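Student: Heads up: the sequence shown begins at 6 in my numbering, then just goes up one per residue.
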Amino acid sequence: MNSPVVASPLKLYDCCPFSDGASSVILCNEKFAKEHSKDYVKVIGSGRGGSPAALQGREHLTTIPSTKIAAEAAFKMAGITSKNVDFAEVHDCFTVAEVVDTEDLGFFEKGTGATAARNGETKLNGSISINPSGGLKSKGHPIGATGVGQIVEVFEQLTGQSGERTVNDAKIGLTQNFGATGASCAVHIFQSV
Numbered sequence: 006m007n008s009p010v011v012a013s014p015l016k017l018y019d020c021c022p023f024s025d026g027a028s029s030v031i032l033c034n035e036k037f038a039k040e041h042s043k044d045y046v047k048v049i050g051s052g053r054g055g056s057p058a059a060l061q062g063r064e065h066l067t068t069i070p071s072t073k074i075a076a077e078a079a080f081k082m083a084g085i086t087s088k089n090v091d092f093a094e095v096h097d098c099f100t101v102a103e104v105v106d107t108e109d110l111g112f113f114e115k116g117t118g119a120t121a122a123r124n125g126e127t128k129l130n131g132s133i134s135i136n137p138s139g140g141l142k143s144k145g146h147p148i149g150a151t152g153v154g155q156i157v158e159v160f161e162q163l164t165g166q167s168g169e170r171t172v173n174d175a176k177i178g179l180t181q182n183f184g185a186t187g188a189s190c191a192v193h194i195f196q197s198v
């Protein structure tokens, strides 16, 4: 990539652009959803995790502890594992973040996420489709709207409204969003109806 170095080895195009944007969802019980729409999905798992914002206080720089905590809670609530997830929208604010996220979520063993992505395992309809929306580096990062924007993508995927970026036969989607260098993370798991 021919772009200026931001913080070696990351270059400009390894970093998501901050942008303006908005997104919204309606969160309601299933009875209300059935009465008012034919298109809805179920939230089957949700978790939140926290960890120190200061990077020097972390044991490793290749993991985001809050993601692991949030994912464990969400998978436990849903009664599934990462192997049951068809696709995920992850917080890829930098190229390396997608690798760390997919490993911390359990899609790949530690140290293998970059190779998996390079080998096409994370592409649309790969072994686990990661960011079929294009992710933050593609669509931008409207802070405050990013997490809900990820949920909108999952909704569109699970209700057959995602057009050319459709993950084939997707039944379960996951979102992972963090802030403040991973001091806070939320993981949500959704299922088609």
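Even for Gly, the Cβ is constructed at its ideal location relative to N, Cα and C. All figures in this text were calculated on a predicted structure; none of them were measured in a lab.
How should His193 be labelled, buried or exposed, when 16 other C-beta atoms within 10 angstroms of its C-beta is the threshold for buried?
Tutor: By the neighbour-count rule (16 or more Cβ atoms within 10 Å), His193 is buried.
Student: Could you tell me which whole alpha helix (DSSP H) segments of length 4 or greater appear in the stretch 102–146?
Tutor: 118–123 and 140–144
Student: For Asp224, tell me which candidate among Leu60, Gly54 and Lys36 has the shortest Cα-Cα distance.
Tutor: Outside the shown range of the chain (6 to 198) lies residue 224, about which nothing can therefore be said.
Student: Do Arg170 and Leu129 count as a contact pair if the criterion is CB distance below 9 Å?
Tutor: yes
Student: By the three-class DSSP mapping on this structure, what secondary structure does Ile74 have?
Tutor: helix
Student: Determine which residues share a DSSP beta bridge with Asn89 and list them.
Tutor: DSSP lists no partner for Asn89.
Student: Can you check which of these residues, His41, Phe23 and Val105, is closest to Gln181 by C-alpha distance?
Tutor: Val105
Student: With C-beta atoms as the reference, is Pro57 less than 9 Å away from Ala188?
Tutor: yes
Student: Exposed or buried, Leu17, counting other C-beta atoms within 10 Å across all chains shown (16 or more means buried)?
Tutor: exposed
Student: Assuming the contact rule is C-beta atoms closer than 8 Å, Gly52 and Glu77 should be a hit. Round their C-beta distance to whole Å, please.
Tutor: So it is a contact: roughly 7 Å between Cβ atoms.
Student: Please give the ranges of any alpha helix (DSSP H) in the stretch 20–70, keeping only runs that are unbroken, at least 4 residues long and fully inside the region.
Tutor: 35–41
Student: Locate the alpha helix (DSSP H) running through Leu163, then write down its first and last residues.
Tutor: Thr151 to Leu163
Student: Tell me which same chain residues have a C-beta within less than 7 Å of the C-beta of Gln155, skipping the five on either side of it?
Tutor: Glu94, Thr180 and Asn182
Student: If you reduce the DSSP assignment to three classes, tell me which class Thr180 lands in.
Tutor: Strand.
Student: On a CA-only basis, which of Gly84, Asn7, Ser87 and Cys98 is nearest Ser143? Give me that one, please.
Tutor: Cys98
Student: Can you list, in chain order, the residues of its chain with a C-beta nearer than 6 Å to that of Thr100? Leave out the 5 residues immediately preceding and following it.
Tutor: Sequence-distant Cβ neighbours of Thr100 in its own chain, meaning closer than 6 Å and more than five residues away, are Asp19.
Student: Flag this pair as yes or no: are the beta carbons of Val90 and Ile31 separated by less than 9 Å?
Tutor: no
Student: Answer with buried or exposed for Asn136, where buried requires no fewer than 16 other C-beta atoms within 10 angstroms of its C-beta.
Tutor: Asn136 comes out buried.
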